[in-house]
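Order-wise, the sequence lines are chains A and B.
Heads up: the first sequence is residues 19 to 497, going by the working numbering.
Heads up: the second sequence is residues 4 to 365, going by the working numbering.
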Amino acid sequence: MQMPVPDFHILNRKAEIVTRLQEVLPMDAVIHEPNETRVYECDALTAYKCPPLAAVLPRNTQEVSAVLKVCYEIGVPVVPRGSGTSLAGGALPTMDCVILGVARLNNVIETNYADRYIRVQSGRTNLSVTGAVEVEDFFYAPDPSSQLACAIAGNIAMNSGGAHCLKYGVTTNNLLGVTMVMMDGTVTEVGGPYLDAGGLDLLGLICGSEGQLGVVTEATLRILRKPEGARPALIGFASNEVAGACVSEIIKAGVLPVAIEFMDRRVLEVVEKHAKAGYPECEALLIIEVEGSEAEIDMQLGLIRQIAATHHPVDFRESKSEEESAAIWLGRKSAFGAMGQINDYMCLDGTIPVSELSYVLKRIGELSDQYGLGVGNVFHAGDGNMHPLILFDANKEGDLDLCEAMGAEILKLCVEVGGCLTGEHGVGVEKRDLMYAQFDPIDMEAQLRVKDVFDPSWLLNPSKVFPLNVTETRRSARY
Amino acid sequence: MIKPESEVSLSNFIREAEGSLRILGGGTRPLGLGTGEALTTSGLSGISLYEPGALTIVAGAGTPLVEIEAALEAKNQRLPFEPMLGHAVFGTTGESTIGGVVAANVSGPRRIQAGACRDSLIGVRFVDGRGDIVKNGGRVMKNVTGYDLVKLMCGAFGTLGVLSEVAFKVLPGVEAVMTVEIAGLDDNAAVTAMSAALGSPFEVSGAAHDPDMGVTMLRIEGFMASVAYRAAELSKLLASFGDVSLNEATNWVAVRDAWKFIDGDGDLWRISVKPSDGMRVGLALGGAKLLYDWGGGLVWAEVAEGTDVRGALVEIAGHCTLIRGIGSGPVFEPPTGALAAVTDGLRKQFDPRGILNPGLMR
Chain A
19 MQMPVPDFHI LNRKAEIVTR LQEVLPMDAV IHEPNETRVY ECDALTAYKC
69 PPLAAVLPRN TQEVSAVLKV CYEIGVPVVP RGSGTSLAGG ALPTMDCVIL
119 GVARLNNVIE TNYADRYIRV QSGRTNLSVT GAVEVEDFFY APDPSSQLAC
169 AIAGNIAMNS GGAHCLKYGV TTNNLLGVTM VMMDGTVTEV GGPYLDAGGL
219 DLLGLICGSE GQLGVVTEAT LRILRKPEGA RPALIGFASN EVAGACVSEI
269 IKAGVLPVAI EFMDRRVLEV VEKHAKAGYP ECEALLIIEV EGSEAEIDMQ
319 LGLIRQIAAT HHPVDFRESK SEEESAAIWL GRKSAFGAMG QINDYMCLDG
369 TIPVSELSYV LKRIGELSDQ YGLGVGNVFH AGDGNMHPLI LFDANKEGDL
419 DLCEAMGAEI LKLCVEVGGC LTGEHGVGVE KRDLMYAQFD PIDMEAQLRV
469 KDVFDPSWLL NPSKVFPLNV TETRRSARY
Chain B
4 MIKPESEVSL SNFIREAEGS LRILGGGTRP LGLGTGEALT TSGLSGISLY
54 EPGALTIVAG AGTPLVEIEA ALEAKNQRLP FEPMLGHAVF GTTGESTIGG
104 VVAANVSGPR RIQAGACRDS LIGVRFVDGR GDIVKNGGRV MKNVTGYDLV
154 KLMCGAFGTL GVLSEVAFKV LPGVEAVMTV EIAGLDDNAA VTAMSAALGS
204 PFEVSGAAHD PDMGVTMLRI EGFMASVAYR AAELSKLLAS FGDVSLNEAT
254 NWVAVRDAWK FIDGDGDLWR ISVKPSDGMR VGLALGGAKL LYDWGGGLVW
304 AEVAEGTDVR GALVEIAGHC TLIRGIGSGP VFEPPTGALA AVTDGLRKQF
354 DPRGILNPGL MR
C-alpha cells in the first residue's frame with residue numbers, strides 16, 4: 019500500500035505549526051513528542067502505521083474551528099479521527115498531517131423524547147448514546163460491533179451499520195443534523211431536529227464521506243423507543259448454501275426480522291471456545307432476531323421455523339431467557355475479536371444481492387483453496403453485507419500480500435454479482451485502489467468534484483477513498 | 004417536448020443543448036417556475052430488475068409510479084415511504100413517474116416510521132449538465148463505497164442532473180391495517196398525543212391530525228394478530244387524551260395526498276418542523292386551514308394570498324415550500340451562509356452551464 023511522499027516544507031515547519039496550534043488550544047491538547055504521537059500511528063487496520071506530525075484533542079466546536087483555521091493557513095493536511103476503530107485505515111496518518119481527534123468532545127447536549135432525538139458531541143461513543151437515553155427506554159439504533167469504543171464522528175464518517183440495520187437502517191437513516199466545521203474553519207449547521215431539511219440533501223452527502231468534506235463536531239440523532247421484547251433464534255444448517263437459500267426465503271415470505279446474522283463452521287468453532295454461547299455444531303449458523311410482544315415474537319418465530327423446516331436444519335433453538343439471548347449476541351459481537359486471538363486476519367466488507375449468497379460463498383471457498391489461505395465467514399446475511407475473514411500470518415514473508423490479493427479478488431467478485439466493495443466499513447486506504455472495479459473514471463470524477471467544493475485545497479484526509487493517481491493533480495495543486 | 008428514448012440519447016441531447024432545460028417526469032408536481040425547453044424522462048420507462056427475495060427493484064426514471072406499485076403489490080411488497088401523489092394539491096393530471104418522486108424526495112405518512120424516499124433509494128444513474136452519464140450507489144442495501152451521491156440527487160429537483168435510472172430497497176406488504184382515532188382534540192393536545200404514540204413501542208406507521216374533521220389518526224400495520232394487539236395497547240395508552248375508537252377504513256390516501264386542499268384558494272404551504280413545533284406553526288398562522296402529518300412534523304397550511312409565512316414562522320426552526328398560489332418570497336427555502344456557497348458550488352460543478360432547471364431551488 020502506497021502513501022504520498024510527505025511534504026518536506028511542512029515537516030521542516032513542525033516547530034512553528036506546533037506553536038501555532040498551542041496558541042489556540044490548551045497545552046495538553048497538542049501532542050507532538052515522537053513517543054506520544056505514536057499512539058496515533060494507526061487505527062484498527064494495524065497492518066499500516068505512520069506517526070503523524072502532531073495530534074490535537076480539541077474540546078468543542080470553537081477549538082476545532084481554530085485548529086482547522088491554523089492548518090488551512092499553513093496548508094497542513096488534517097486527518098480526523100474518532101476512536102480509531104476503522105478497519106479500513108480511515109484514520110491512518112501521513113507524516114506531514116495533523117491528527118484531529120474528537121475524543122474530548124463527548125458530552126450530551128440535549129435529549130428530547132417528545133421529538134425523539136438526542137444531540138451529542140461527536141466524540142461520544144456509540145453505545146453511550148443509547149446509555150444516555152436508556153432510562154426512558156429509548157435507544158440509538160445503529161449498532162456496529164465496535165459500539166463500545168467507536169465514536170459517533172467515525173460512524174458518521176463511514177456511515178456505519180451494524181447487526182440490526184435490516185430493520186432500522188444505517189447511520190444515514192438515523193442522522194437528523196450535524197454541526198460541521200469546514201477546512202477553512204467556517205462553522206455550519208446542516209439539517210436539524212426536523213424530519214426534512216430544505217435545499218440539497220447535504221447531510222446525506224456528508225454522511226459516509228470519510229472525513230473528507232468537513233469535521234463533524236455535534237450530531238442530532240434519531241432515538242427510538244425500545245421494543246417490548248426481542249428474542250433471537252439459532253438455526254444450524256448442513257451447508258453454507260442451504261443457509262443462504264433459507265435467508266432469501268424468509269425475506270420473501272414477508273417476515274422482516276431485525277437481524278439475520280450468519281457464521282460458518284470455522285468462525286463458530288472459535289467463537290464457541292471464546293464466548294461459550296451454546297451454539298449448535300453445524301456447517302452454517304443463522305442468528306435471527308425478531309421483536310415485539312411475547313405473542314408477536316412467537317408468531318414470527320413460528321413462521322421462520324416453518325420456512326427453515328423446508329431447508330432441513332440440523333438444529334433450531336429459540337432463546338429461552340435474557341441470559342441466553344445476551345450470550346448469543348455476545349458470541350456474534352465478539353466473533354472478530356475471537357478470530358483475532360487465534361490468527362492474524364483481514365476483514366472484508368463487500369455487499370452482494372442476497373440472492374447471490376450461495377454462489378459467492380462457494381466462490382470464496384474455491385479462492386481459499388486456490389490461495390491456500392483459510393477464510394471464516396461471519397456477516398449480516400439479511401442485507402447481503404459479507405465479512406469474509408482471511409486468515410494469514412503477519413510474520414510470514416509475503417503472506418500479507420497474498421492475503422490482500424485474495425481479498426481484492428473477493429471484492430471484485432462482490433462487484434461482479436451486482437454488489438459493492440464496502441457495505442459499512444468504508445474505503446479508507448484499504449479499498450482505495452479497488453475503486454476502479456466499481457466506478458468508471460466519470461463516476462469517480464463526479465465525486466472528486468464534490469470534494470473540490472467542500473475542500474478546494476484538498477487538505478482534509480486527502481489520501482483516502484480514491485486511488486492516489488486519480489487525486490494527484492488535485493493534491494499537488496495546493497503547493 | 005423532448006423525450007429521449009435512451010440514456011445515451013438523453014446524454015447526447017444535454018451535451019448539445021444550447022439553452023435552459025425544464026426537466027419533467029410526468030409533470031404532476033409543477034413546483035416553482037420552470038423555464039426553458041421541456042425535457043421529459045418518460046421515454047426511459049420500465050422495470051429492469053425486480054428481486055423480491057433481495058427486496059430490491061430497479062427501474063427507468065420515467066417508469067410510472069403505478070407500474071412500480073403494481074409490480075410490487077403482485078409480490079406482496081411495497082415502497083416503504085408511501086409516496087404521495089401531487090394531483091390534488093397541484094391540480095394536475097397525468098402519470099407520476101418514479102424519477103419525479105425521487106427528484107422531489109416525495110414521501111407520505113409512513114415517512115415518520117420508514118424514512119423518506121431518500122432512505123429507501125439505493126442507487127441512481129443520471130446525466131449531469133455536461134452530458135456525462137454518472138452512476139452511484141447500486142442495488143444492494145448497504146453500500147458505503149465512495150460518496151453518497153444517491154442522497155444528493157434525491158430531492159435535488161433535477162438541478163444537478165437528469166435521472167435515468169433509480170433503485171430502491173422495498174419492504175414486505177402487510178396483512179392488516181388499523182387506525183386508532185381520537186376525536187375532538189385541539190392541535191396542542193393532538194400533537195402531544197401523537198408524540199406519546201410515536202414514543203411508544205407499538206410501531207405507529209402514520210400519525211396525522213385534521214383540525215377541521217376533529218380527528219387525530221394513529222396507524223398500526225402488520226400481521227393481523229399483531230395489529231389487533233398493538234391497536235388495543237395504543238388505545239389504552241391514549242385513553243386519557245379523549246374519545247378513542249378503532250377504524251379499519253381510515254382514508255390514509257386522503258391524508259397522504261392532502262385531499263382537503265383540492266380546489267382551494269389562497270396559498271398552500273408545506274412546512275417541515277420539529278414535530279412538537281407543529282402546534283406553534285398552527286398558532287403562528289392563526290386562521291389558516293391546516294393538516295398535520297408526521298406527528299406534527301409536517302404541516303400543510305392554506306393561508307390568504309400573499310401571506311408572509313416565513314416571516315410568521317421566523318422563530319421556529321424548519322423550512323417552508325410554497326406548493327400553490329402567489330406566496331411571499333421564494334418557492335423553495337433558500338440556503339444561507341456556508342451552505343449557500345456549497346449549494347452554489349455543487350450546482351456549478353454538476354451543471355457548469357447552468358442549464359438544468361435553472362429557476363428551481365433558489
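C-beta atoms are modelled at their ideal positions from N, C-alpha and C, and glycine is treated no differently.
Predicted model only: the values in this text are computed from it and were never measured.
### Task
Please determine, among A/P95, A/S101, A/R99, the residue with the shortest C-alpha to C-alpha distance to A/C115.
It is A/P95.
### Task
With 7 Å as the threshold, decide whether the Cβ of B/G141 is near any Cβ in chain A.
By this cut-off, B/G141 is an interface position.
### Query
Taking the DSSP output, what are the residues bridged to A/P406?
Residue pairing for A/P406: DSSP places it in a beta bridge opposite A/N395.
#### Entry: Other residues of its chain near B/P55: CB distance less than 7 Å, five sequence neighbours each side excluded
In the same chain as B/P55, and ignoring 5 residues on each side of it, the C-beta atoms closer than 7 Å to its own belong to K78, Q80, in chain order.
### Query
Assuming A/G226 and A/T190 make a contact with CB atoms under 8 Å, what is their CB distance in whole Å?
Their Cβ separation, rounded to whole angstroms, is 6 Å, which keeps A/G226 and A/T190 in contact under 8 Å.
### Query
Exposed or buried, what is A/M453 when buried is set at 16 or more other beta-carbons lying within 10 Å of its beta-carbon?
Counting C-beta atoms within 10 angstroms of its own C-beta, A/M453 has 16 or more neighbours from the protein chains shown and is therefore classed as buried.
### Query
With DSSP run on the structure shown, which of helix, strand or coil describes A/M364?
The answer is strand: DSSP assigns A/M364 an E or B state.
### Query
How long is the line joining the alpha carbons of A/M364 and A/G416, rounded to whole angstroms?
A direct Cα-to-Cα measurement between A/M364 and A/G416 gives close to 14 Å.
### Query
Between A/I460 and chain B, is there a C-beta pair that is closer than 7 Å?
By this cut-off, A/I460 is an interface position.
### Message
Suppose the cutoff is 6 Å on Cβ atoms and the five residues either side in sequence are ignored; what does the same chain contact list for A/Q165 look like?
### Response
Excluding residues within five positions, the ones whose Cβ falls inside 6 Å are N144, L145.
### Task
Specify the secondary structure class of A/L75 as computed by DSSP and reduced to three states.
Secondary structure of A/L75 (DSSP, three-state): coil.
### Query
Looking only at its own chain, which residues have a Cβ that is under 8 Å from the Cβ of B/G309, when we skip the five neighbours before and after it?
Close CB contacts of B/G309 within its chain, under the 8 Å cut and outside five residues either way in sequence, are with D270, I329, G330, S331 (chain order).
### Query
From what residue to what residue does the beta strand (DSSP E) around A/P459 run?
No beta strand (DSSP E) holds A/P459; the alpha helix (DSSP H) holding it covers 459–472.
#### Entry: Inter-residue spacing [alpha-carbon to alpha-carbon] between B/P338 and B/L58
B/P338 and B/L58 have their C-alpha atoms spaced approximately 35 Å apart.
### Query
Just to confirm, are A/E307 and A/V273 a CB contact at a threshold of 7 Å?
Between A/E307 and A/V273, the C-beta spacing is not below 7 Å.
### Query
What span of residues does the beta strand (DSSP E) with A/Q139 cover, start to end?
Start and end: 135–139.
### Message
Check whether chain B comes within 7 Å of A/R243, counting only Cβ atoms and requiring the distance to be less than that.
### Response
Yes, because at least one Cβ of chain B sits closer than 7 Å to the Cβ of A/R243.
### Query
Does DSSP classify B/S243 as helix, strand or coil?
If DSSP states are grouped into helix, strand and coil, B/S243 belongs with the helices.
### Task
Using beta-carbon positions only, say whether A/L14 and A/V82 come within less than 7 Å of one another.
Because residue 14 of chain A is not part of the residues shown, which for chain A are 19 to 497, the question remains open.
### Listed by chain order, chain B residues near A/T37 by CB distance under 7 Å
Within 7 Å Cβ-Cβ: nothing; A/T37 doesn't reach chain B, min ~29 Å.
### Query
Residues in its own chain within less than 6 Å of A/Q524 by CB, not counting five upstream and five downstream?
In the structure as shown, chain A begins at 19 and stops at 497. Residue 524 of chain A is therefore absent and cannot be evaluated.
### Task
Please decide whether A/D362 counts as near chain E, where near means a Cβ-Cβ distance under 7 Å.
Note that chain E does not occur in the displayed structure, where the protein chains are A and B.
### Query
Hey, how far is the Cα of B/F129 from the Cα of B/E19?
Cα-Cα distance, rounded: 16 Å.
### Query
Taking the continuous beta strand (DSSP E) assigned at B/F205, which residues delimit it?
Careful: B/F205 lies outside any beta strand (DSSP E) and carries neither H nor E.
### Task
Return the first residue and the last residue of the beta strand (DSSP E) that A/G222 is part of.
Run containing A/G222: none in the beta strand (DSSP E); it sits in the alpha helix (DSSP H), 220–224.
### Query
First and last residue of the beta strand (DSSP E) that includes A/G254?
Counting along the chain, A/G254 sits inside the beta strand (DSSP E) bounded by residues 248–255.
### Query
Which runs of the alpha helix (DSSP H), 4 residues or longer, sit entirely within the segment 92–145 of chain B?
Contiguous alpha helix (DSSP H) elements confined to the segment 92–145 of chain B occur at 101–106, 114–117, 120–123, taking only those with 4 or more residues.
### Query
When the Cα of B/S12 is compared with those of B/R25, B/L24, B/G28, B/G46, which residue comes out closest?
Closest in alpha carbon position to B/S12, among B/R25, B/L24, B/G28, B/G46, is B/G46.
### Query
In chain order, what residues of the same chain have a beta carbon less than 8 Å from the beta carbon of A/R122, not counting five sequence neighbours either side?
If you ignore the 5 residues before and after A/R122, its C-beta comes within less than 8 Å of the C-beta of A47, L75, P76, R77, G141, all in its own chain and listed in chain order.
### Task
Compare the Cα-Cα distances from A/G310 to each of B/H90, B/G103, B/P361, B/P204 and report the closest residue.
Comparing Cα positions, the closest option is B/P204.
### Task
Kindly indicate the opening and closing residues of the beta strand (DSSP E) around B/Y295.
Here the beta strand (DSSP E) through B/Y295 covers 292–296.
### Query
Near A/N125, which residues of its chain fall below 6 Å by C-beta distance, leaving aside the five closest residues on each side in sequence?
Counting only Cβ-Cβ distances below 6 Å, and skipping sequence neighbours, we find Q139.
### Message
Using 8 Å as the cut-off, can you tell me whether the segment 430–449 of chain A makes contact with the segment 374–386 of chain A, which would need three or more C-beta pairs spanning the two stretches below that distance?
### Response
They touch, by the three-pair rule.
### Task
Quick one: grab the DSSP three-state call for A/G119.
In the structure shown, A/G119 sits in a strand (DSSP, three-state: E or B).
#### Entry: B/L13: contacting residues in chain A (beta-carbon distance under 8 Å)
Listed along the chain, the chain A residues whose CB falls inside 8 Å of the CB of B/L13 amount to none; the nearest CB is some 15 Å away.
### Partners in chain B for A/A215, counting only beta-carbon separations shorter than 9 Å
Correct list: S275, G321, H322, E336.
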